[in-house]
Every structure is written in structure tokens, then in C-alpha cells.
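Engineer:
Number of protein chains: 2
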Amino acid sequence: MNDRQTKYQRIADDLRSEIVGGRLVAGDRLPGENDIMARYGVARMTARQALAVLQREGLTDTRKGAGVFVRASSSAPRIRRRSGRTAREVWGSGKSIWGDEVSPDSLTVDEMSVRQKRVEDELVVVRSRRYVVDGEPVMLAASCVSASIAAGTAIEREDTGPGGVFARLADLGHAPVRFQSDVIARLATPEERQRLDLPDNAVVLCERRASFDEDGDLVEFSDLVMNAARFVLQYDYDA
Amino acid sequence: MNDRQTKYQRIADDLRSEIVGGRLVAGDRLPGENDIMARYGVARMTARQALAVLQREGLTDTRKGAGVFVRASSSAPRIRRRSGRTAREVWGSGKSIWGDEVSPDSLTVDEMSVRQKRVEDELVVVRSRRYVVDGEPVMLAASCVSASIAAGTAIEREDTGPGGVFARLADLGHAPVRFQSDVIARLATPEERQRLDLPDNAVVLCERRASFDEDGDLVEFSDLVMNAARFVLQYDYDA
DNA sequence: AAGTGGTCTAGACCACTGC
DNA sequence: CAGTGGTCTAGACCACTTA
Chain A
134 MNDRQTKYQR IADDLRSEIV GGRLVAGDRL PGENDIMARY GVARMTARQA
184 LAVLQREGLT DTRKGAGVFV RASSSAPRIR RRSGRTAREV WGSGKSIWGD
234 EVSPDSLTVD EMSVRQKRVE DELVVVRSRR YVVDGEPVML AASCVSASIA
284 AGTAIEREDT GPGGVFARLA DLGHAPVRFQ SDVIARLATP EERQRLDLPD
334 NAVVLCERRA SFDEDGDLVE FSDLVMNAAR FVLQYDYDA
Chain B
134 MNDRQTKYQR IADDLRSEIV GGRLVAGDRL PGENDIMARY GVARMTARQA
184 LAVLQREGLT DTRKGAGVFV RASSSAPRIR RRSGRTAREV WGSGKSIWGD
234 EVSPDSLTVD EMSVRQKRVE DELVVVRSRR YVVDGEPVML AASCVSASIA
284 AGTAIEREDT GPGGVFARLA DLGHAPVRFQ SDVIARLATP EERQRLDLPD
334 NAVVLCERRA SFDEDGDLVE FSDLVMNAAR FVLQYDYDA
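Listed in order, the protein sequences are those of chains A and B. Here this note's numbering is used: the first residue of the first sequence is 134, the next is one more, and so on. Here this note's numbering is used: the first residue of the second sequence is 134, the next is one more, and so on.
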């Protein structure tokens, strides 16, 4: 009985197999601390340790006073976000830059704000958005365009029309033709976890993209924070 | 005394400020469970909870039977890995594709193996490497070239000469000119944590890069796993 | 051999949730 | 209101590391 494995690991394994085996599905309630104490004949702290294992693995959600529940399974397909050669056809044709496995229609803007802000002595229009897929928030985006370009144009409106900001920049003679993306990844901050509804150990992909027009001038600048579990970033580029 | 904060949070805050304040530096020993129990007059489990907070934040390393130690500060600068327009100058001139803030010399290969492997009815040469910076492992890489191209060339040798595999492919008339990179991020697996010496909640950046020559044929394929704390990926591309 | 962290017990009080 | 998870205590035994 008292083999290599610890008690809490064995209990955690039991519960995990209930989840991955599909006997418990998203939203279902798991046995709580008291249940585990009774079923396995262990002390409270041991039951808590078992539940902590699943919590760290991102499998469960615990709500104080309510119980422990199975988290929404993140087996959803990743959203392929294309940059480079393949991308222009998309926004050039009036479609959104997003979407592939996930259709453009299902990736929508949930919250949106447009404001002006002074950044290093330059006035910029900042468009902040939250994107959702099937009601699940997946990305926070902030897009900045110099007010000297954007002032009084559709870029300052919440709805920028077909093709989005890039198409409007093209209309204004500032079509983006060259890009530089910097990508890092890290654990989500508490604020990001809250806004993207992420578990404790969630990972985010952060992309900082600068867009340049034909003259080599910076015309747009984006800051993206994505739920790493839901994205694959694809870049096409030349030597 | 017994305000909003919990005891373990207050203790964790104390210890954290010792670390971020620089009074404890990488490798130093923290007060252990027994020390904390005595100093703060708390029970063992409370001391453990405080230490667990720092552990989750990646600030400490606990070694069973030895103690709790400050982790090597990850304030080391990120390695900027460039892809796209800026990259060709680098490998074209005989330098490595890597390096920026970190000089190319300090990013070196630590472990290396070359072997042939059959992948979907095609024989490929697989070059597996581990890269280190200042003795710290930062990346695992596997590079594949079809044996029909690489057989009998320097690509099968451990030392491929100046410019590396890309320069040798160019010598053979298969200079890579177009690339497609897929990037995801996730928590490191236990094996990756071991090979890259990473803490529990460590994040890795995974890049899958396909390289095509002038004729549009796939000539090389790379699988990279990077310590996300040490890298920023930079892509230059056109619309 | 002494000290360390890892596991475990059997209690307790609290704040919060749901009915 | 009863039940839940969050915090906390005061013990215990173990495996492991270090000297």
C-alpha cells in the first residue's frame, strides 16, 4: 500500500484521470476537501495538497465557499495568426488579419476604447481592444497611430470599416509594407489573468509589432498579449 | 497586528524584499522552515506556505535536505534572435545567425549529436544541439536536412565551418531564401526543465522554422526550444 | 549525526457561497 | 443556515544532504 507514491499524488492521479477520461467535464464539481478526507481517510491538508496539484496543472478552478470545478478544457484549436507574405492578401481583400482554423467571424472585439495619448512628445491615437472567440477572451491589443496621420479619419472611430486600420492607412497613402515583430513569452500577470480569464500558471505570448510604409516611416505600432494556449504565430519572411 | 494580510503573505513579503532589495543574492541561503517558525512564532505549515509563495514566483530553489536558496536572478539580458532581412547579412558574412546583446562568441554549443533518421519515407540528417551562454543552457535545437542534399557534405560533420549549415547549403546551390516560422509558447516539460535547468513554472518559446531555396523546395527544418526568459524573437518581413 | 525539506495527522476558526 | 475552501496550530516520521 505504502509504495513509492505519496498519498496526495495518488489522489491527484485519481481525480486527474476522472477529468482527462471525460467522466468529469468542464464545469462539473470535483469532490471537495471533506469528500476526499472521507473517501481516502486522509487529513485535511493532504486533501488540499491533492487538489493543489490539479490547480497548478490548470485543470481546476476553486471558488471559495462554493467548491472545486473542472476548468473549461483548453483543447480548443490554436488560432493561427499569420504575418508576412500571406497576410496582405487578407487585409488587402477587406478581411481581418486574423483567423484561419478559427474563422474571422468568430474572432470578435469584445471591449474597445479609442483615446489620444502623448508618447514621447508625440500625440498618438491608441485603440485598445479585447478579442474573444466563442465568448472566450483570447487577446488584448493596443494599436497606436500617430495623431498627425489618424486625426479626423476613420482610424479614430470605433468601427474603422472593412480591412481595419491597415486598409485605412493604405487609403491615406501610408500602406504598411514592412514590419518588425518582437516576440517574447512569459507567465501572465495577475491583471492579464483576470482580463483573459486565465489560471494561475498561464502563459502569454507578447508581440510588439512596428509597421513601416514605403518611405520607411513608422505608421503603426501594436502591442499584443495573447493566451499562449490559443495561438500559434506564423511568420513568412525572406533572407 | 492581525490585519487584512495573512501571516504567510507577510512572511513571504519580508523574504521577497530581502531578495529584490539585494540583501540576499543568487545562491544565498534563505531562512529555512525551522528558522521561520522560531522568528515569526508560526507553525510549520505556515512557514512552508510562505516559502511556497516565493517558489511559485520562481525566486527560490529548494533542495531537499539542504535548504532554500535564492535562484540565479533572471535579470540577465535577453538574447535577440533575428530572422528575416537582418539575418542574411549575419550568416552570409560567416557569422552565426545568433546574438546581439549577447555576443555571438558567448552563445556556444554545449552538447551536439549528428545522426540520420527516417522521417516519412525520407532519410534526413538531424543535428541536435544544446546552446549555452556563460555556462547557462538556454536553447535546445534540432535541425534537419534531407540526406539527399546533406550526405557526404560538411553538414554531416559536427563542425560545419564558417556560417554553419546555411552557408553550406548555399555552397551546394540550395541557399535558403524564404522562411516560415511557427511560434508557440508553453510551460516547460519536466525533461526540458532538466536539460535547460529551469524552475517549476518556467516558460519556453518553441519555434518551428522551415527554410526554402530559390526553387521553393524545403531544404532545412528546425525545431527550437528556448528558455523564454532569455530570448526575444525578432522578425522582419514584408506585406 | 545533525539539520533540512517533504509528507501527514487531527484538530480549530474564519469568510464566503448557496439555498 | 449548512457547507465550502482558506488559514493556522502543534505535533510526528521520513529521506535526504552536509559536514
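Every residue gets a Cβ at the ideal spot worked out from N, C-alpha and C, and that includes glycine.
Take every Cβ of the region 320 to 335 of chain A, pair it with every Cβ of the region 353 to 369 of chain A, and state whether three or more of those distances are shorter than 8 angstroms.
Structural biologist: yes
Engineer: Please report the residue range of the alpha helix (DSSP H) in which residue 248 of chain A lies.
Structural biologist: As a first step, residue 248 of chain A must be located in the first sequence, where it is residue number 115. Here residue 248 of chain A belongs to no alpha helix (DSSP H); instead the beta strand (DSSP E) covers 240 to 252.
Engineer: Out of curiosity, what's the CA-to-CA distance linking residue 356 of chain A and residue 279 of chain A?
Structural biologist: The residue given as residue 356 of chain A occupies position 223 in the first sequence. The residue given as residue 279 of chain A occupies position 146 in the first sequence. Rounded to whole angstroms, residue 356 of chain A to residue 279 of chain A spans 15 angstroms at the Cα level.
Engineer: Taking the DSSP output, what are the residues bridged to residue 313 of chain B?
Structural biologist: As a position in the second sequence, residue 313 of chain B is number 180, starting the count at 1. The partner list for residue 313 of chain B (beta bridge, DSSP) reads A:369, B:343.
Engineer: Report yes or no: do the region 334 to 354 of chain B and the region 311 to 322 of chain B share at least 3 C-beta pairs separated by less than 8 angstroms?
Structural biologist: yes
Engineer: Is the CB-CB distance between residue 202 of chain B and residue 147 of chain B below 8 angstroms?
Structural biologist: Working through the second sequence from its first residue, we reach residue 202 of chain B at position 69. Working through the second sequence from its first residue, we reach residue 147 of chain B at position 14. Going by C-beta atoms, residue 202 of chain B is not nearer than 8 angstroms to residue 147 of chain B.
Engineer: Closest to residue 309 of chain A by CA distance: which of A:163, A:353, A:293, A:180 is it?
Structural biologist: Translated into the one-based positions of the first sequence, residue 309 of chain A becomes position 176. For residue 309 of chain A, the nearest C-alpha among the options comes from A:353.
Engineer: Given that residue 288 of chain B touches chain A, what residues does it touch there, using C-beta distances under 9 angstroms?
Structural biologist: Position 155 of the second sequence, counted from the first residue, corresponds to residue 288 of chain B. Listed along chain A, no residue sits closer than 9 angstroms to residue 288 of chain B by beta-carbon distance, the nearest being about 18 angstroms off.
Engineer: If you measure beta-carbon to beta-carbon, which residues of the region 294 to 319 of chain B are closer than 7 angstroms to chain A?
Structural biologist: 309, 310, 311, 312, 313, 314, 315, 316, 317, 318, 319
Engineer: Is residue 346 of chain A buried or exposed, if buried means 16 or more other CB atoms sit within 10 Å of its CB?
Structural biologist: The residue labelled residue 346 of chain A in the question sits at position 213 within the first sequence. Buried.
Engineer: Just to check my reading of the structure: residue 192 of chain B and residue 181 of chain B have Cβ atoms closer than 8 angstroms, yes? What is that Cβ distance to the nearest angstrom?
Structural biologist: Numbered from 1 along the second sequence, position 59 holds the residue referred to as residue 192 of chain B. Numbered from 1 along the second sequence, position 48 holds the residue referred to as residue 181 of chain B. With a Cβ gap of about 15 angstroms, residue 192 of chain B and residue 181 of chain B do not count as contacting.
Engineer: With a threshold of 8 angstroms, are at least 3 pairs of Cβ atoms found where one atom belongs to the region 290 to 301 of chain A and the other to the region 271 to 291 of chain B?
Structural biologist: no
Engineer: Around the C-beta of residue 231 of chain B, are 16 or more other C-beta atoms found within 10 angstroms, so that it is buried, or is it exposed?
Structural biologist: Here the question's residue 231 of chain B lines up with position 98 in the second sequence. At residue 231 of chain B the pLDDT is 46, less than 50, meaning the model places this residue with poor confidence and gives no usable figure here.
Engineer: For the beta strand (DSSP E) containing residue 325 of chain A, name the first residue and the last one.
Structural biologist: Within the first sequence, numbered from 1, the residue matching residue 325 of chain A stands at position 192. Residue 325 of chain A -> not in any beta strand (DSSP E); alpha helix (DSSP H) instead, spanning 323 to 329.
Engineer: Can you give me the C-alpha to C-alpha distance between residue 239 of chain B and residue 270 of chain B, rounded to a whole angstrom?
Structural biologist: Here residue 239 of chain B refers to the residue found at position 106 when the second sequence is read from its first residue. Here residue 270 of chain B refers to the residue found at position 137 when the second sequence is read from its first residue. Distance between the alpha carbons of residue 239 of chain B and residue 270 of chain B is about 11 angstroms.
Engineer: Per DSSP, what kind of secondary structure is residue 139 of chain B in: helix, strand or coil?
Structural biologist: Along the second sequence, read from residue 1 onward, the residue named residue 139 of chain B stands at position 6. The answer is coil: DSSP assigns residue 139 of chain B none of H, G, I, E or B.
Engineer: Taking 8 angstroms as the cut-off, decide whether the C-beta atoms of residue 365 of chain A and residue 211 of chain A are in contact.
Structural biologist: Within the first sequence, numbered from 1, the residue matching residue 365 of chain A stands at position 232. Within the first sequence, numbered from 1, the residue matching residue 211 of chain A stands at position 78. It is a contact, given that the beta carbons lie within the stated cut-off.
Engineer: Taking residue 138 of chain A as the query, report the chain B residues whose CB atoms sit under 7 angstroms from its CB, ordered along the chain.
Structural biologist: For the purposes of this step, residue 138 of chain A is taken as residue 5 along the first sequence, with counting starting at 1. Taking a Cβ-Cβ cut-off of 7 angstroms, residue 138 of chain A has no neighbours in chain B, whose nearest Cβ is about 16 angstroms from it.
Engineer: I'd like to know whether the C-beta of residue 367 of chain B is nearer than 8 angstroms to at least one C-beta of chain A.
Structural biologist: Position 234 of the second sequence, counted from the first residue, corresponds to residue 367 of chain B. The beta-carbon of residue 367 of chain B is placed less than 8 angstroms from the nearest beta-carbon of chain A.
Engineer: In whole angstroms, what is the alpha-carbon distance linking residue 226 of chain B and residue 295 of chain B?
Structural biologist: Here residue 226 of chain B is taken as the residue at index 93 of the second sequence, counted from 1. Here residue 295 of chain B is taken as the residue at index 162 of the second sequence, counted from 1. The predicted position of residue 226 of chain B is uncertain, since its pLDDT is 48 and thus under 50; no value can be drawn from it.
Engineer: Just to confirm the assignment, what range does the alpha helix (DSSP H) spanning residue 184 of chain B have?
Structural biologist: Indexing the second sequence from 1 puts residue 184 of chain B at position 51. Segment 177 to 189, the alpha helix (DSSP H) holding residue 184 of chain B.
Engineer: Per DSSP, which residues does residue 336 of chain B bridge with? Please list them.
Structural biologist: Against the second sequence, residue 336 of chain B aligns to sequence position 203. Its beta-bridge partners are B:320.
Engineer: State the Cα-Cα distance for the pair residue 261 of chain A and residue 267 of chain A, rounded to the nearest angstrom.
Structural biologist: Locating residue 261 of chain A in the first sequence gives position 128, where the first residue counts as 1. Locating residue 267 of chain A in the first sequence gives position 134, where the first residue counts as 1. The straight-line gap from Cα to Cα measures roughly 20 angstroms.
Engineer: Of all Cβ atoms in chain A, is any one closer than 8 angstroms to the Cβ of residue 336 of chain B?
Structural biologist: Walking along the second sequence from the start, residue 336 of chain B turns up at place 203. Yes - at least one Cβ of chain A is within 8 angstroms of the one on residue 336 of chain B.
Engineer: Helix, strand or coil for residue 378 of chain A? Go by DSSP, reduced to three states.
Structural biologist: Residue 378 of chain A is absent from the model: chain A starts at 134 and stops at 372.
Engineer: Output, in chain order, the set of chain A residues within a Cβ distance shorter than 7 angstroms of residue 198 of chain B.
Structural biologist: By one-based count along the second sequence, residue 198 of chain B stands at place 65. Ordered by position in chain A, no residue passes the 7 angstroms Cβ test against residue 198 of chain B, which lies about 17 angstroms from the chain.
Engineer: How about residue 346 of chain B: is its C-beta nearer than 8 angstroms to some C-beta of chain A?
Structural biologist: Numbered from its first residue, the second sequence carries residue 346 of chain B at position 213. With 8 angstroms as the cut-off, residue 346 of chain B does not count as an interface residue toward chain A.
Engineer: Less than 8 angstroms between the CB atoms is what I'm expecting for residue 370 of chain B and residue 369 of chain A, so what's the real figure, rounded?
Structural biologist: Indexing the second sequence from 1 puts residue 370 of chain B at position 237. Indexing the first sequence from 1 puts residue 369 of chain A at position 236. Right, the Cβ-Cβ distance comes to about 6 angstroms (below 8 angstroms), so this counts as a contact.
Engineer: In its own chain, which residues sit with a C-beta less than 7 angstroms from the C-beta of residue 250 of chain B, not counting the 5 before and 5 after it?
Structural biologist: In the second sequence, the residue the question calls residue 250 of chain B occupies position 117. For residue 250 of chain B, where only same-chain residues beyond five positions count, the Cβ hits under 7 angstroms are 257, 259.
Engineer: CA-CA distance, residue 164 of chain B and residue 141 of chain A?
Structural biologist: The residue you call residue 164 of chain B lines up with position 31 of the second sequence. The residue you call residue 141 of chain A lines up with position 8 of the first sequence. The straight-line gap from Cα to Cα measures roughly 27 angstroms.
Engineer: List, in order along the chain, the chain A residues whose C-beta lies closer than 7 angstroms to that of residue 178 of chain B?
Structural biologist: On the second sequence, position 45 is the one that residue 178 of chain B refers to. 178, listed in chain order.
Engineer: Are the C-beta atoms of residue 76 of chain B and some chain A residue less than 8 angstroms apart?
Structural biologist: Since the first and last residues shown for chain B are 134 and 372, residue 76 of chain B lies out of range.
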